[in-house]
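Novice:
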Ligand SMILES: [Zn+2]
């Protein structure tokens, strides 16, 4: 079990708060929410009422009350959520927060002892805070409900059948080395145990690729893999939220307290041979 998984699970199993998953369309946000709902449902079986409002329901979950909305027919997330709250669910998943009305109902629902899960379109996890404040959510309400934001992307997974290690060189490697935050990245990876500690962590480093085989249709890839950044809302961040600090300041504070960025997680997974450096550069900066 990875450390990210354990931390997410710990926050997920609290009975209240708001957890958001962010990323562009097709980044696997719904899959993550479904995985969270299944896990919390299994963990707290028969105790909780889990309900969802989705556009549309993409996947049917056992013991979960799922409602499909149809915005084209005039049924918005906000009105469906309003109706749903009368049934007093313990855990609510809202497919997406797109407008202030939905955001406000969601925040207030999470404020009164419910767990609320949803998704938001932002580039990174920390961007969720300014995004919601820009929509018009009161920063103090957000600070008292938000517990975790997961930023997420999908990369192609190297085919395990034809994976081979390749020397660390080429355009992507050069691009990595010329990043202004290269030193920081190396230190972060050493702290996380993805790179050897010591004076020359880059000595003998290997990257990987799929040579192409019959199992992967000669593409070198098979399936996909999530890369994540977990933005945990601690007291310091909460305080910054109420003071309406800007996005860059909040992100810098999160990284200073150990948040692993999407790019760092991707890079760690490239060093483990799960994906390529090119894939990481394609989806994260
Ligand atoms: Zn293959």
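Residue numbers (the working numbering): 1026 to 1310. All residues carry an ideal CB built from backbone N, CA and C; glycine is no exception. These numbers come from a predicted model, not from an experiment.
Kindly list the residues whose CB is nearer than 7 Å to the CB of residue 1292, restricted to its own chain and excluding five residues on each side of it in sequence; keep chain order.
Specialist: Translated into the one-based positions of the chain shown, residue 1292 becomes position 267. In its chain, beyond the 5 residues on either side, 1210, 1214, 1305 have a beta carbon closer than 7 Å to the beta carbon of residue 1292.
Novice: Determine the DSSP secondary structure at residue 1043, reduced to helix, strand or coil.
Specialist: Taking the chain shown and counting its residues from 1, one reaches residue 1043 at position 18. Here residue 1043 sits in strand by DSSP.
Novice: Would you mind stating whether residue 1170 and residue 1266 have Cβ atoms separated by less than 8 Å?
Specialist: For the purposes of this step, residue 1170 is taken as residue 145 along the chain shown, with counting starting at 1. For the purposes of this step, residue 1266 is taken as residue 241 along the chain shown, with counting starting at 1. No. Outside cutoff.
Novice: Please report the straight-line C-alpha distance between residue 1310 and residue 1288, rounded to a whole angstrom.
Specialist: For this step, residue 1310 is matched to residue 285 along the chain shown. For this step, residue 1288 is matched to residue 263 along the chain shown. Straight-line measurement puts the Cα of residue 1288 at about 6 Å from the Cα of residue 1310.
Novice: Among 1041, 1197, 1258, which has the Cα closest to the Cα of residue 1133?
Specialist: Numbered from its first residue, the chain shown carries residue 1133 at position 108. Selected option, being the one with the closest Cα: 1041.
Novice: State buried or exposed for residue 1279, treating a residue as buried only when at least 16 other CB atoms are found within 10 Å of its CB.
Specialist: Working through the chain shown from its first residue, we reach residue 1279 at position 254. Looking at its Cβ environment, which holds 16 or more other Cβ atoms inside 10 Å, residue 1279 is buried.
Novice: Which term fits residue 1235, buried or exposed, when burial requires 16 or more other beta carbons within 10 angstroms of its beta carbon?
Specialist: As a working mapping, residue 1235 is identified with position 210 in the chain shown. Per the 10 Å Cβ criterion, buried.
Novice: Do the CB positions of residue 1111 and residue 1184 come within less than 8 Å of each other?
Specialist: Start at 1 with the first residue of the chain shown, and residue 1111 comes out as number 86. Start at 1 with the first residue of the chain shown, and residue 1184 comes out as number 159. Their beta carbons are not under 8 Å apart, which means residue 1111 does not touch residue 1184 by this criterion.
Novice: In chain order, what residues of the same chain have a beta carbon less than 6 Å from the beta carbon of residue 1087, not counting five sequence neighbours either side?
Specialist: Counting from 1 along the chain shown, the entry for residue 1087 is found at position 62. None.
Novice: Could you pull the DSSP bridge partners for residue 1246 from this structure?
Specialist: Walking along the chain shown from the start, residue 1246 turns up at place 221. Answer by DSSP bridge pairing, in chain order: 1183.
Novice: My assumption, with CB atoms under 8 Å, is that residue 1286 sits in contact with residue 1254. Please give the rounded CB distance.
Specialist: Stepping through the chain shown from its first residue, residue 1286 is reached at position 261. Stepping through the chain shown from its first residue, residue 1254 is reached at position 229. With a Cβ gap of about 5 Å, residue 1286 and residue 1254 count as contacting.
Novice: Assuming residue 1142 contacts residue 1033 under a Cβ cut-off of 8 Å, what Cβ separation, rounded to an integer in Å, is found between them?
Specialist: As a working mapping, residue 1142 is identified with position 117 in the chain shown. As a working mapping, residue 1033 is identified with position 8 in the chain shown. That pair is no contact at about 11 Å.
Novice: Within 7 Å: the Cβ of residue 1247 and any heavy atom of ligand 1?
Specialist: Reading the chain shown from its first residue, position 222 is the one you call residue 1247. For ligand 1, at least one heavy atom lies less than 7 Å from the Cβ of residue 1247.
Novice: Pull up the CB-CB distance for residue 1130 and residue 1107, whole angstroms please, since I reckon it's below 8 Å.
Specialist: To locate residue 1130, count along the chain shown from 1; it is residue 105. To locate residue 1107, count along the chain shown from 1; it is residue 82. About 6 Å; that satisfies the 8 Å criterion.
Novice: Starting from residue 1189, follow the alpha helix (DSSP H) in both directions and report where the run begins and ends.
Specialist: Numbered from 1 along the chain shown, position 164 holds the residue referred to as residue 1189. Per DSSP, residue 1189 belongs to no alpha helix (DSSP H); it is in the beta strand (DSSP E), 1188 to 1192.
Novice: Return yes when the Cβ of residue 1179 is within less than 8 Å of the Cβ of residue 1245, no when it is not.
Specialist: What you label residue 1245 is simply residue 220 of the chain shown in a count that begins at 1. What you label residue 1179 is simply residue 154 of the chain shown in a count that begins at 1. No; because the gap between Cβ atoms is not below 8 Å, this pair is not in contact.
Novice: Cβ of residue 1311 within 8 Å of Cβ of residue 1073?
Specialist: Nothing can be reported for residue 1311, as the shown portion of the chain is limited to 1026 through 1310.
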